[in-house]
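For any residue, its number in our numbering is found by taking its place in the sequence shown, counting from 1, and adding 40. A virtual CB, placed ideally from N, CA and C, is assigned to each residue, including glycine.
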Amino acid sequence: RPSERAGAERFPIKAAPPLTPDDANVAPHEPAALPARALSMIDEIRRLTLDGGPHGFGCVRGVKRVDPDEWFFAAHFFRDPVMPGSLGLEAFIQLLKTYARRRWPHLCRSHRFEPIAVGRPVTWKYRGQVIPTNRQITVDAFITAVDESPTPTVVGRGFLRVDGKTIYEMTDFAIRLVTEDAQ
């Protein structure tokens with residue numbers, strides 16, 4: 041449209057150089073990677089076992105320090121500075137990904153994560169919120185099943201606690217490692 045084109049010509053976005061493959065600021069590509077800092081919902085893995093736990097497949101515990109200046113508090117609904125519930129689910133999924141990376145390190149370059157295994161029903165319950173005055177989030181993932189196929193799957197059940205109070209329960213969440221070229 042002519043008016044949009046005119047606006048783009050009058051008000052160009054400056055200082056937006058494209059990334060190049062040899063840019064020293066770009067990390068090497070690893071398909072089965074965990075998110076960068078802004079979306080990292082786990083600061084530290086406190087426990088990770090590949091066996092044991094209630095189902096014999098292992099468990100993972102991760103913690104996150106609550107920072108009242110984190111972006112998501114200001115980005116939530118107007119005058120409602122809470123961590124969006126979806127980020128609590130993301131924390132749990134990141135634990136499943138951490139487990140998968142430890143269990144199948146040889147697949148981290150040839151496979152990518154299907155963030156929630158397609159075709160698998162999940163359930164979750166919220167019974168509270170993370171607010172800026174909280175101090176610590178603790179997330180536990182208990183691995184309930186592992187599929188060792190060429191596209192391995194991890195299924196888990198988990199709980200999210202804030203300052204010791206359990207506020208989320210996640211059941212039957214699964215992530216799958218699929219080949220880089222999978223649709």
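Worksheet entry | Cβ-based burial, A185 [other Cβ within 10 Å; buried from 16] | By the neighbour-count rule (16 or more Cβ atoms within 10 Å), A185 is not buried but exposed.
Worksheet item: Quick one, which of P124, E110, F153, Q134 has its alpha-carbon nearest G102's?
Response: The candidate whose alpha carbon is nearest that of G102 is Q134.
Discussion item. Taking the alpha-carbon of R105 as reference, which of A114, A115, M81 has the nearest alpha-carbon?
Written reply: Nearest C-alpha to R105 among A114, A115, M81: M81.
Worksheet item: How long is the line joining the alpha carbons of Y208 and G168, rounded to whole angstroms?
Response: Computed Cα separation, rounded: 7 angstroms.
Fill in: Neighbourhood of P155 by C-beta, 7 angstroms cutoff - its chain only, sequence neighbours within 5 removed
Scanning its chain for C-beta atoms nearer than 7 angstroms, with the 5 sequence neighbours on each side dropped, one finds around P155 the residues I133, I215, in chain order.
Worksheet item: In chain order, what residues of the same chain lie with their CB nearer than 6 angstroms to the CB of P172, ignoring the 5 residues before and after it?
Response: The beta carbon of P172 sits closer than 6 angstroms to those of P108, F113, P121, all from its chain and outside the five residues before and after it, given in chain order.
Worksheet item: Among residues of its own chain, excluding the 5 on either side of R160, which ones have a beta-carbon nearer than 6 angstroms to its beta-carbon?
Response: Counting only Cβ-Cβ distances below 6 angstroms, and skipping sequence neighbours, we find A214.
Practice prompt. Excluding the 5 residues preceding and the 5 following F182 in the sequence, name in chain order all residues of the same chain whose CB lies nearer than 7 angstroms to its CB.
Written response: Hits under 7 angstroms: G93, P94, H95, C99, G196, R197, G198.
Worksheet entry | When E188, A76, D83, S126 are compared against F164, the one with the closest alpha-carbon | It should be pointed out that residue 164 corresponds to Trp in this sequence rather than to Phe. Of the candidates E188, A76, D83, S126, the one whose C-alpha sits nearest the C-alpha of W164 is S126.
Worksheet entry | Length of the line joining the Cα atoms of P192 and T206 | So the alpha carbons of these two residues sit roughly 30 angstroms apart.
Worksheet item: Would you say W144 touches the ligand ATP, meaning its beta carbon is less than 8 angstroms from a heavy atom?
Response: This structure lacks the ligand ATP, and indeed carries no ligand of any kind.
Worksheet item: Based on the DSSP secondary-structure assignment, which residues constitute the bridge partners of H151?
Response: According to DSSP, which records beta bridges pairwise, H151 is partnered with T219.
Worksheet item: What does L88 pair with, by DSSP beta-bridge criteria?
Response: Looking at the DSSP assignment, L88 forms a beta bridge with V100.
Worksheet entry | Strand pairing of K205, partner residues [DSSP] | Answer by DSSP bridge pairing, in chain order: V202.
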